[in-house]
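Reviewing the structure listed below.
Protein chains: 2
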Amino acid sequence: MGKKQRTAITPTRAEDFPEWYQQVIKAADMAENSPVRGCMIIKPYGFALWENMQGVFDGMIKDHDVENVYFPLLIPLSFMSREADHVEGFAKECAVVTHHRLEASDDGLVPAGKLEEPYVIRPTSEMIIGDAMARWIQSYRDLPMKLNQWCNVMRWEMRTRLFLRTSEFLWQEGHNAFETAEEAQEDSLKMLEAYRVFVEDYLALPVITGEKTEDERFPGADATYTIEAMMQDGKALQAGTSHNLGQNFSKSIGIKFQGREGDEEFAHTTSWGISTRLIGGMIMTHGDDDGMIMPPRVAPHQVIIIPIVRDGQDASTINTYIDDFVAKLKAVGIRVKVDNREERTPNKMWDAIKKGAPIRVEIGGREVDDGVLTYIRRDIGKDSKTTCSVADFVSDVQGVLESIHDDMFNRAKTFRDENIKDVDSLIDITDYFSHDANIGFVRVDTSIMDLPGFEKALKSHSLTTRCMPFANDGKKVLIGKAY
Amino acid sequence: MGKKQRTAITPTRAEDFPEWYQQVIKAADMAENSPVRGCMIIKPYGFALWENMQGVFDGMIKDHDVENVYFPLLIPLSFMSREADHVEGFAKECAVVTHHRLEASDDGLVPAGKLEEPYVIRPTSEMIIGDAMARWIQSYRDLPMKLNQWCNVMRWEMRTRLFLRTSEFLWQEGHNAFETAEEAQEDSLKMLEAYRVFVEDYLALPVITGEKTEDERFPGADATYTIEAMMQDGKALQAGTSHNLGQNFSKSIGIKFQGREGDEEFAHTTSWGISTRLIGGMIMTHGDDDGMIMPPRVAPHQVIIIPIVRDGQDASTINTYIDDFVAKLKAVGIRVKVDNREERTPNKMWDAIKKGAPIRVEIGGREVDDGVLTYIRRDIGKDSKTTCSVADFVSDVQGVLESIHDDMFNRAKTFRDENIKDVDSLIDITDYFSHDANIGFVRVDTSIMDLPGFEKALKSHSLTTRCMPFANDGKKVLIGKAY
Numbered sequence: 026m027g028k029k030q031r032t033a034i035t036p037t038r039a040e041d042f043p044e045w046y047q048q049v050i051k052a053a054d055m056a057e058n059s060p061v062r063g064c065m066i067i068k069p070y071g072f073a074l075w076e077n078m079q080g081v082f083d084g085m086i087k088d089h090d091v092e093n094v095y096f097p098l099l100i101p102l103s104f105m106s107r108e109a110d111h112v113e114g115f116a117k118e119c120a121v122v123t124h125h126r127l128e129a130s131d132d133g134l135v136p137a138g139k140l141e142e143p144y145v146i147r148p149t150s151e152m153i154i155g156d157a158m159a160r161w162i163q164s165y166r167d168l169p170m171k172l173n174q175w176c177n178v179m180r181w182e183m184r185t186r187l188f189l190r191t192s193e194f195l196w197q198e199g200h201n202a203f204e205t206a207e208e209a210q211e212d213s214l215k216m217l218e219a220y221r222v223f224v225e226d227y228l229a230l231p232v233i234t235g236e237k238t239e240d241e242r243f244p245g246a247d248a249t250y251t252i253e254a255m256m257q258d259g260k261a262l263q264a265g266t267s268h269n270l271g272q273n274f275s276k277s278i279g280i281k282f283q284g285r286e287g288d289e290e291f292a293h294t295t296s297w298g299i300s301t302r303l304i305g306g307m308i309m310t311h312g313d314d315d316g317m318i319m320p321p322r323v324a325p326h327q328v329i330i331i332p333i334v335r336d337g338q339d340a341s342t343i344n345t346y347i348d349d350f351v352a353k354l355k356a357v358g359i360r361v362k363v364d365n366r367e368e369r370t371p372n373k374m375w376d377a378i379k380k381g382a383p384i385r386v387e388i389g390g391r392e393v394d395d396g397v398l399t400y401i402r403r404d405i406g407k408d409s410k411t412t413c414s415v416a417d418f419v420s421d422v423q424g425v426l427e428s429i430h431d432d433m434f435n436r437a438k439t440f441r442d443e444n445i446k447d448v449d450s451l452i453d454i455t456d457y458f459s460h461d462a463n464i465g466f467v468r469v470d471t472s473i474m475d476l477p478g479f480e481k482a483l484k485s486h487s488l489t490t491r492c493m494p495f496a497n498d499g500k501k502v503l504i505g506k507a508y
Numbered sequence: 026m027g028k029k030q031r032t033a034i035t036p037t038r039a040e041d042f043p044e045w046y047q048q049v050i051k052a053a054d055m056a057e058n059s060p061v062r063g064c065m066i067i068k069p070y071g072f073a074l075w076e077n078m079q080g081v082f083d084g085m086i087k088d089h090d091v092e093n094v095y096f097p098l099l100i101p102l103s104f105m106s107r108e109a110d111h112v113e114g115f116a117k118e119c120a121v122v123t124h125h126r127l128e129a130s131d132d133g134l135v136p137a138g139k140l141e142e143p144y145v146i147r148p149t150s151e152m153i154i155g156d157a158m159a160r161w162i163q164s165y166r167d168l169p170m171k172l173n174q175w176c177n178v179m180r181w182e183m184r185t186r187l188f189l190r191t192s193e194f195l196w197q198e199g200h201n202a203f204e205t206a207e208e209a210q211e212d213s214l215k216m217l218e219a220y221r222v223f224v225e226d227y228l229a230l231p232v233i234t235g236e237k238t239e240d241e242r243f244p245g246a247d248a249t250y251t252i253e254a255m256m257q258d259g260k261a262l263q264a265g266t267s268h269n270l271g272q273n274f275s276k277s278i279g280i281k282f283q284g285r286e287g288d289e290e291f292a293h294t295t296s297w298g299i300s301t302r303l304i305g306g307m308i309m310t311h312g313d314d315d316g317m318i319m320p321p322r323v324a325p326h327q328v329i330i331i332p333i334v335r336d337g338q339d340a341s342t343i344n345t346y347i348d349d350f351v352a353k354l355k356a357v358g359i360r361v362k363v364d365n366r367e368e369r370t371p372n373k374m375w376d377a378i379k380k381g382a383p384i385r386v387e388i389g390g391r392e393v394d395d396g397v398l399t400y401i402r403r404d405i406g407k408d409s410k411t412t413c414s415v416a417d418f419v420s421d422v423q424g425v426l427e428s429i430h431d432d433m434f435n436r437a438k439t440f441r442d443e444n445i446k447d448v449d450s451l452i453d454i455t456d457y458f459s460h461d462a463n464i465g466f467v468r469v470d471t472s473i474m475d476l477p478g479f480e481k482a483l484k485s486h487s488l489t490t491r492c493m494p495f496a497n498d499g500k501k502v503l504i505g506k507a508y
């Protein structure tokens with residue numbers, strides 16, 4: 026046995042996956058905990074990733090004829106009570122605004138100006154958007170109405186983890202209203218499919234699409250559809266959900282309209298959301314023991330260039346060569362960054378690795394003399410080291426990025442598929458997960474859910490049903506541990 | 026005298042400017058009041074405008090090497106107290122979070138889970154971002170640090186008005202830290218200049234750049250710079266501000282670093298913001314008695330096309346003609362919308378007018394037969410009615426939009442310049458504004474501010490100092506009524 030390979034991240038995934046996760050975020054400088062309980066600060070590199078994700082998905086939203094809007098942050102307390110399941114689902118974790126100013130006192134500043142009716146900081150906006158829809162929708166001619174907002178929401182979580190579960194997070198929430206049940210059903214599946222395309226084709230996260238069991242539905246929904254991803258520790262991450270709310274919310278809020286026959290009908294509504302949690306999913310799917318690996322299509326920097334200037338060497342020729350190269354890359358639409366910091370070259374290389382730029386380019390005096398460059402794929406590492414001409418790199422770079430995307434996706438998909446096991450009974454399930462070496466999901470006939478208290482029993486083993494996959498025509502249910 | 030000209034907006038600007046303003050927003054369907062006290066709902070058309078504004082200014086921010094981030098919505102109460110002037114400035118209008126869940130009681134849902142330390146919903150983020158900078162900045166090598174966030178903020182306003190003054194609003198807040206006082210000063214002026222370029226070149230709002238008087242400074246700032254616009258009723262609108270915070274915030278929060286000589290120094294910080302209030306400024310600068318006029322460079326739809334189909338006429342030829350035209354416009358980067366609603370043609374025309382699309386195109390059977398189209402500039406109206414070939418329109422449309430922008434800007438600038446009067450004394454000032462016909466600003470030597478209680482006296486006449494314009498080398502002060 027040789028000596029232990031040095032890794033950039035300590036501990037490794039195998040040693041302590043949750044701690045590895047925190048250390049990857051720190052090493053990539055993506056986010057950190059804030060002095061506000063359970064709330065994170067998204068740092069420039071993490072936010073640049075989120076902006077790229079937003080840019081892509083916002084385009085997809087608009088292609089679906091959804092219009093962006095902005096609704097108030099605060100929800101009147103009385104609104105929360107209108108849908109019984111909904112309030113039940115969110116009352117336990119609401120930030121409540123009770124006062125509207127601060128006053129000096131012997132104890133320092135204290136809240137003053139008590140509000141007649143308290144407000145809740147939105148945990149989600151079905152109620153306040155539904156209330157507006159009730160005013161805006163008069164006739165079937167006003168339908169469909171499709172609205173979305175990119176905003177912050179707040180759920181007072183007790184155990185938080187950067188990106189995965191924070192008291193405040195950023196998301197998009199779509200809220201659509203339709204004339205018929207069929208349209209609402211079709212729409213909730215269509216938005217789920219938009220999520221699948223987005224996370225698979227842009228974030229390189231393979232997901233299983235399916236329906237949540239009744240126990241796992243969004244509070245107040247008729248049906249919740251989900252995309253479920255498997256992390257490298259085998260745990261599930263719910264990566265996005267789309268809800269068919271039927272007429273539950275429209276009846277409790279009063280979204281009614283004059284139908285084609287002149288009769289009064291209630292709208293059929295849907296809601297759908299993805300959040301900054303997806304960033305946690307990308308880290309836990311793609312990261313390795315050297316840190317983050319950014320999926321190329323949303324990577325803040327697709328190519329990072331490290332000038333290699335030896336002590337006493339004149340940097341100007343190298344810099345001119347790099348400037349010219351950068352201009353060529355930008356001309357073909359590549360997001361590129363040059364690491365020009367006053368910092369030792371090995372540190373720059375390790376920073377590029379930890380931050381996970383898909384392609385690292387090294388250019389020193391020798392490269393300049395030969396009119397070439399050296400590049401390394403982050404996902405493969407030094408075995409991918411290639412020297413080629415600048416012209417070849419510029420013409421091939423899109424293709425290399427595509428290959429990185431495909432390889433990242435396929436590696437994650439292979440891992441996932443290898444870690445799904447078909448079983449037959451509750452005993453099989455608990456037995457499977459009782460072995461440390463067994464991770465991932467088990468798949469079992471949905472008939473198992475007829476066992477009284479089945480999902481409660483699962484939970485006592487820290488297991489949950491993830492979804493009834495569409496691929497199995499809803500006849501199987503996937504079970505696993507989850508984030 | 027002929028009979029009164031019909032206008033799309035009632036009342037007219039002359040009849041009741043504030044009510045005209047509300048009616049323009051309603052007629053253009055941009056925003057409305059929400060059930061949450063003082064908070065607005067930004068509707069799709071208003072939000073599309075904000076998105077275009079964001080897109081432009083976000084690019085300018087990035088050109089200034091500022092990085093986007095996201096900080097928590099909630100500010101611990103203790104943070105607010107750290108800068109005395111700052112808390113004094115914001116304590117009177119803070120939304121305070123005191124509880125973290127809801128509980129059922131005989132009175133319905135009530136706040137429960139009282140927090141040990143209350144939180145304030147950010148009215149601005151100097152304190153929470155400064156606290157992070159204090160951790161992140163160790164050495165002069167970490168400077169400059171330039172951060173920005175696009176977010177919601179909350180100030181509990183008592184008298185609110187859509188866009189202009191709402192309890193919650195959307196904005197960007199930039200927070201920069203520098204090694205030297207000179208850099209901070211230069212930066213606050215540079216960001217002010219970015220605002221001037223943005224509002225003049227994209228929103229067609231002429232502004233006066235200058236410094237605020239000491240009384241009107243941002244709480245805790247050494248200097249506040251401002252861009253001031255004049256609305257059509259002569260009132261001022263503060264359209265954006267940039268603050269040189271000196272070392273006030275860095276000292277109270279502890280943003281210190283090891284300087285080049287190894288000594289410990291405090292950073293010099295700046296902050297700068299613009300908000301959805303700018304939309305109010307655009308309405309009150311550009312709107313007319315028929316409604317909104319959108320500045321072309323940020324207009325949600327630069328061209329709106331109205332198909333004119335007579336009863337019994339086959340629409341398909343017209344629609345094909347329009348589809349082809351739309352494709353050509355999109356190919357040259359024009360934001361275009363076709364009004365395909367089942368609605369009477371005159372109503373469509375009036376909606377286009379009220380929403381203020383810069384160019385309205387009408388295409389009916391006659392246009393199709395002749396291979397032409399008819400267009401009308403919103404800012405000029407029917408006198409600009411022109412018939413030309415599709416090819417000519419497509420090749421000229423950018424130029425027409427530029428002319429509209431320039432004309433809108435120049436009209437507003439002429440109006441403003443005509444309504445600034447030079448005066449010499451406090452008596453002159455109050456006398457000027459005592460005549461209903463006199464609107465706008467007066468300009469007076471800054472020496473007038475030596476009069477004890479001068480600005481307080483002004484306020485008793487509902488007047489405020491707007492700024493000491495750079496154009497007058499800071500030797501004059503502008504005074505007016507303000508939003």
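For the record, the sequence lines run as chains S and U.
According to our numbering, the first sequence holds residues 26 to 508 in order.
According to our numbering, the second sequence holds residues 26 to 508 in order.
Ideal Cβ positions, reconstructed from N, Cα and C, are used throughout, including at glycine.
Counting only beta-carbon atoms, is Asp156/S nearer than 8 Å to chain U?
Yes, contact with chain U.
By Cβ distance below 8 Å, which residues in the same chain neighbour Ile388/S in space, the five residues on each side in sequence not counted?
If we look at Ile388/S and ignore the five residues flanking it on each side, its Cβ neighbours are Ile330, Ile331, Pro332, Ile333, Ile343, Tyr346, Ile347, Phe350, Leu398 and Thr399.
Between Leu134/S and chain U, is there a C-beta pair that is closer than 8 Å?
At least one C-beta of chain U is nearer than 8 Å to the C-beta of Leu134/S.
What residues in its chain sit with their C-beta under 7 Å from that of His430/S, if we drop five residues either side in the sequence?
The residues Ala229, Pro320, Pro321 and Arg322, in chain order, have a CB closer than 7 Å to that of His430/S in the same chain once the five nearest residues on each side in sequence are set aside.
Using DSSP with H/G/I as helix, E/B as strand and the rest coil, what is Thr345/U?
In the structure shown, Thr345/U sits in a helix (DSSP, three-state: H, G or I).
With a 10 Å radius around its C-beta and 16 neighbouring C-beta atoms as the bar for buried, classify Leu74/S as buried or exposed.
Leu74/S comes out buried.
Whose CA, out of Lys281/S, Asn444/S and Trp297/S, lies closest to the CA of Ala264/S?
Closest option to Ala264/S, Cα to Cα, is Trp297/S.
Against chain U, does Phe96/S count as a neighbour if the rule is that its beta carbon must be under 8 Å from one of theirs?
Cβ-Cβ to chain U under 8 Å: yes for Phe96/S.
Any residues in the region 141-152 of chain S with a beta carbon nearer than 8 Å to a beta carbon of chain U? Which ones, in chain order?
Within the region 141-152 of chain S, the qualifying residues are Pro143, Tyr144, Val145 and Ile146.
Just by C-beta distance, which residues in the region 197-220 of chain U are closer than 8 Å to chain S?
Cβ contacts with chain S come from no residue of the region 197-220 of chain U.
Thr249/U to Asp258/S span [Cα, whole Å]:
Answer to the nearest angstrom: the Cα atoms are 53 Å apart.
Say whether chain S places a C-beta atom closer than 8 Å to the C-beta of Thr123/U.
Interface with chain S (8 Å Cβ-Cβ cutoff): Thr123/U is included.
How would you label Gly27/U, buried or exposed, when you count the other beta carbons within 10 angstroms and need 16 or more for buried?
Confidence at Gly27/U is low in this model, with a pLDDT of 48, below 50, so the placement of that residue should be treated as unreliable; the coordinate-derived value is given next. Exposed, by the Cβ-count rule.
What's the C-alpha gap between Phe188/U and Asp167/U?
Their Cα atoms are separated by approximately 37 Å.
Of the choices Ile304/S, Asp156/S and Thr251/S, whose alpha-carbon is the least far from that of Phe96/S?
Among Ile304/S, Asp156/S and Thr251/S, the Cα nearest to that of Phe96/S is on Asp156/S.
Answer yes or no: does any C-beta atom of chain S fall closer than 8 Å to that of Ile252/U?
Not an interface residue.
Quick one: measure Cβ to Cβ for Pro143/S and Val121/S, integer angstroms, because I've assumed they're closer than 8 Å.
Correct: roughly 5 Å between the Cβ atoms.
Where Asn435/S falls, given that 16 or more other Cβ within 10 Å makes a residue buried:
So Asn435/S counts as exposed.
With a cut-off of 8 Å on the beta carbons, I'd call Ala33/S and Ala52/S a contact; round off their distance for me.
By a beta-carbon distance limit of 8 Å, Ala33/S contacts Ala52/S. Their separation comes to about 7 Å.
Residue-chain proximity (Asn15/S, chain U), Cβ-Cβ < 8 Å:
Residue 15/S cannot be examined here, being either before or after the span of chain S that is shown, 26 to 508.
Ignore the nearest five residues each way along the sequence and tell me which others in Asp90/U's own chain have a CB closer than 7 Å to its CB.
Only Lys171 meet the Cβ criterion.
Let's test the definition: count the other Cβ atoms within 10 Å of the Cβ of Ile452/U and tell me whether it reaches 16, buried, or not, exposed.
Flag for Ile452/U reads exposed.
Do Tyr165/U and Arg242/U have their C-beta atoms within less than 8 Å of each other?
No.
Does any residue of chain S bring its CB to less than 8 Å from the CB of Pro69/U?
Cβ-Cβ to chain S under 8 Å: yes for Pro69/U.
CB of Leu99/U within 8 Å of CB of Cys64/S, strictly:
Between Leu99/U and Cys64/S, the CB-CB gap stays under 8 Å.
Start and end of the beta strand (DSSP E) containing Asn173/S?
It spans Met170 to Met179 - the beta strand (DSSP E) in which Asn173/S sits, taken as one unbroken run.
Interface residues of the region 169-190 of chain U facing chain S [CB-CB below 8 Å]
Residues of the region 169-190 of chain U with a Cβ closer than 8 Å to any Cβ of chain S, in chain order: Leu172, Cys176, Asn177, Met179 and Trp181.
When DSSP labels each residue in this structure, what does Phe495/S get in the three-state scheme?
Annotated three-state conformation of Phe495/S is helix, per DSSP.
Would Pro101/S pass as an interface residue toward chain U - the criterion being a Cβ-Cβ separation below 8 Å?
The beta carbon of Pro101/S sits closer than 8 Å to some beta carbon of chain U.
Which residues bound the alpha helix (DSSP H) around Gln197/S?
Note, Gln197/S: premise wrong, no alpha helix (DSSP H); beta strand (DSSP E) at Glu193 to Phe203.
For Met105/U, return the contacting residues in chain S, with the cut-off set at a CB-CB distance below 9 Å.
For Met105/U, the chain S residues whose Cβ falls inside 9 Å of its Cβ are Leu127 and Leu134, in order along the chain.
Segment limits, alpha helix (DSSP H) that includes Phe223/S
Ala206 to Asp226 is the extent of the alpha helix (DSSP H) around Phe223/S.
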